[in-house]
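Accompanying notes for the structure given below.
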Amino acid sequence: MEKYVIRGGNPLRGTVDISGAKNAAVAIIPAAIMVRGVCRLENLPQISDTDTLLRVLSYMGASVRTINRSTVELDCTNVKLDSLSEDIWALTRRIRASYYLIGAMLGRFGAACSTMPGGCNFGLRPIDQHIKGLTALGADVRVEGGFIRAAARDGHLHGTKIYLDKVSVGATINIMIAAATAEGVTVIENVAREPHIVDLANFLNSMGADVRGAGTDVIKIRGVKELHGGTYALIPDQIEAGTYMAAVAATGGAVKIANVIPKHLDCISSKLREMNVEIEEGDDYVLVRREGDLRHTNVKTMPYPGFPTDMQPQIGTVLCCASGLSVITEGVWDNRYKYIEELRKMGAQIQVDGRTAFIQGVDRLTGATVRACDLRAGAAVVIAGLAADGVTRVEDIQYIERGYQNIVGKLQALGADIKCVDEPDEPSALRPAWIAG
71 MEKYVIRGGN PLRGTVDISG AKNAAVAIIP AAIMVRGVCR LENLPQISDT
121 DTLLRVLSYM GASVRTINRS TVELDCTNVK LDSLSEDIWA LTRRIRASYY
171 LIGAMLGRFG AACSTMPGGC NFGLRPIDQH IKGLTALGAD VRVEGGFIRA
221 AARDGHLHGT KIYLDKVSVG ATINIMIAAA TAEGVTVIEN VAREPHIVDL
271 ANFLNSMGAD VRGAGTDVIK IRGVKELHGG TYALIPDQIE AGTYMAAVAA
321 TGGAVKIANV IPKHLDCISS KLREMNVEIE EGDDYVLVRR EGDLRHTNVK
371 TMPYPGFPTD MQPQIGTVLC CASGLSVITE GVWDNRYKYI EELRKMGAQI
421 QVDGRTAFIQ GVDRLTGATV RACDLRAGAA VVIAGLAADG VTRVEDIQYI
471 ERGYQNIVGK LQALGADIKC VDEPDEPSAL RPAWIAG
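Once you know that position 361 of the sequence shown is 431 in the numbering used here, the rest is easy, because the numbers rise by one and skip nothing.
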């Protein structure tokens, strides 16, 4: 099995270029189903989630042409509903973003079918707000046998006013996509404000849609008859950038994190500054430097512009290396602390009570065999390995590669001792009792 082998203790130094945003890509690729004509996507991250979605569109009849490592041309003119098959379901069950296909198919065909979302498992993924929004637009939606099926009651969707009972990134995206070609005006209130919500709106508008208010808590969409082809470049990945910022904080050193929008990183930068990490902002980069000891702090995850839940495991690892007692409160998901058991194998002192984690900083973490429980938890144990004494082996790396492009190569370029190896799993029964894991 492939795994990462990390020999920790090296400060990170140099420059790292951030790839396109995963969370924007997994919304924009399904939205391309709505486009009649060639849609050119630039700054697309090379990760397994985007590859899976591109394969889904190809199976549905889309023409997918790779221009270079980060640019793809999609022509969904010939996509058809009757092309849905078990080959497609096998792919959609792997990823959380599969439910965005529902909004796109409804907007294009007036009917849709997809599997329930897969991907990382760190809590329940209710889709009640998705269903509420799509039903308000005039669709009958039912969930049965692991599938979501929907059909517009009179063959097409109609604009309406929708209030989300809970701020939901997924529901905001799904409703936006579906409403882009609905008849009339749709107003969505209490929406998510994340950068990739704005990016999706900008993509839709560049293809001929009329979406206004993205980035605020009210989005207004005036439906158009159809979307046309065009070219669009995705924003940089806020969470990938934050992950490298956290890695520098944990290991020490100085790294220029390039191809970013510094404003998107404000919530992360402010917490790291509280922890004695120096951050200098440029037009399209941040320079992160940590030389002194880390200080403890408290973190509460919240919808944007608050501290992102997708950065909670990474900041948790950094807090393990800080002096004093820190407290994390998870304000989004019910169960995002699976990674803590892995950090305990490395000597972390953490107690969890419901959605709150109490982290007592330790002098050092020590290498161990750990696993990536999910995408961001995987990033957290990689950071722990970089900061730890000795050798860390990270298993189940397929979760990490869902959302990080060339993480091994990028870290190696910064001076990290990390490699991807293919070696057999060690039977736990044969491990000496003193080896963690």
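Each residue gets a CB set at the ideal place from its N, CA and C atoms; glycine is no exception.
Residue i in three-state terms, based on DSSP
{"i": "S40", "result": "Given a span of 71 to 507 for the chain in the structure shown, any question on residue 40 remains unanswerable."}
{"i": "G78", "result": "coil"}
{"i": "V330", "result": "coil"}
{"i": "L111", "result": "strand"}
{"i": "G193", "result": "Caution is warranted here: a pLDDT of 48 is assigned to G193, below 50, making its placement in the model unreliable, and no coordinate value can be reported."}
{"i": "R212", "result": "strand"}
{"i": "V294", "result": "coil"}
{"i": "I349", "result": "strand"}
{"i": "G417", "result": "coil"}
{"i": "A438", "result": "coil"}
{"i": "P265", "result": "helix"}
{"i": "I172", "result": "helix"}
{"i": "R163", "result": "coil"}
{"i": "P306", "result": "strand"}
{"i": "Y474", "result": "coil"}
{"i": "S238", "result": "coil"}
{"i": "D287", "result": "coil"}
{"i": "K341", "result": "helix"}
{"i": "I117", "result": "coil"}
{"i": "E72", "result": "strand"}
{"i": "I88", "result": "coil"}
{"i": "G401", "result": "coil"}
{"i": "N368", "result": "strand"}
Same chain, Cβ closer than 6 angstroms to residue i, neighbours up to 5 away in sequence not counted
{"i": "D336", "result": "none"}
{"i": "T321", "result": "P81, L82, L456 and A457"}
{"i": "D466", "result": "R441 and A442"}
{"i": "V491", "result": "V75"}
{"i": "P100", "result": "Y170, L171 and A174"}
{"i": "T141", "result": "E112"}
{"i": "R359", "result": "A324 and E348"}
{"i": "L194", "result": "Confidence in L194 is poor, its pLDDT being 49 and thus under 50, which makes the residue's placement too unreliable to answer from."}
{"i": "F273", "result": "I98 and Y302"}
Whether residue i touches residue j by CB criterion (7 angstroms)
{"i": "A328", "j": "T85", "result": "yes"}
{"i": "G107", "j": "H298", "result": "yes"}
{"i": "G180", "j": "H226", "result": "yes"}
{"i": "P115", "j": "K150", "result": "no"}
{"i": "I349", "j": "V369", "result": "no"}
{"i": "V330", "j": "A311", "result": "yes"}
{"i": "M416", "j": "T387", "result": "no"}
{"i": "I258", "j": "I218", "result": "no"}
{"i": "R365", "j": "M345", "result": "yes"}
{"i": "G401", "j": "M372", "result": "yes"}
{"i": "W403", "j": "T439", "result": "no"}
{"i": "M277", "j": "G293", "result": "no"}
{"i": "E471", "j": "S168", "result": "no"}
{"i": "A508", "j": "L270", "result": "Shown here, the chain extends from 71 to 507; a query on residue 508 therefore has no answer."}
{"i": "R263", "j": "G283", "result": "no"}
Classification of residue i by the beta-carbon crowding that lies within 10 angstroms, buried from 16 upward
{"i": "Y302", "result": "buried"}
{"i": "K236", "result": "exposed"}
{"i": "G323", "result": "buried"}
{"i": "I488", "result": "buried"}
{"i": "Q419", "result": "exposed"}
{"i": "N148", "result": "exposed"}
{"i": "T462", "result": "buried"}
{"i": "F428", "result": "exposed"}
{"i": "E214", "result": "exposed"}
{"i": "R343", "result": "exposed"}
{"i": "M71", "result": "exposed"}
{"i": "S340", "result": "exposed"}
{"i": "Q421", "result": "exposed"}
{"i": "K480", "result": "buried"}
{"i": "N244", "result": "buried"}
{"i": "D307", "result": "buried"}
{"i": "R406", "result": "buried"}
Close-in-space but distant-in-sequence residues of the same chain around residue i (CB under 7 angstroms, 5 per side omitted)
{"i": "A122", "result": "Correcting the residue type first, residue 122 is Thr in the shown sequence and not Ala. The residues are L161, R164 and I165."}
{"i": "A241", "result": "Q199, H200, G203 and L234"}
{"i": "V478", "result": "Y74, I488, K489 and C490"}
Close Cβ partners of residue i (< 8 angstroms) along its chain, the five nearest in sequence each way excluded
{"i": "K408", "result": "F192, C443, D444 and A447"}
{"i": "L154", "result": "M130 and C183"}
{"i": "G362", "result": "N346"}
{"i": "I137", "result": "R110 and E143"}
{"i": "G376", "result": "C337, K370 and G401"}
{"i": "R139", "result": "Q116"}
Distance between beta carbons of residue j and residue i, contact taken as under 8 angstroms
{"i": "I305", "j": "A94", "result": "6 angstroms"}
{"i": "G485", "j": "G78", "result": "Not quite, the Cβ-Cβ distance comes to about 12 angstroms (not below 8 angstroms), so this is no contact."}
{"i": "A222", "j": "G208", "result": "5 angstroms"}
{"i": "G424", "j": "C391", "result": "Contact doesn't hold; Cβ gap of about 24 angstroms is too wide."}
{"i": "L230", "j": "G177", "result": "As written in the sequence, residue 230 is Thr, which differs from the Leu given in the question. So it is not a contact: roughly 14 angstroms between Cβ atoms."}
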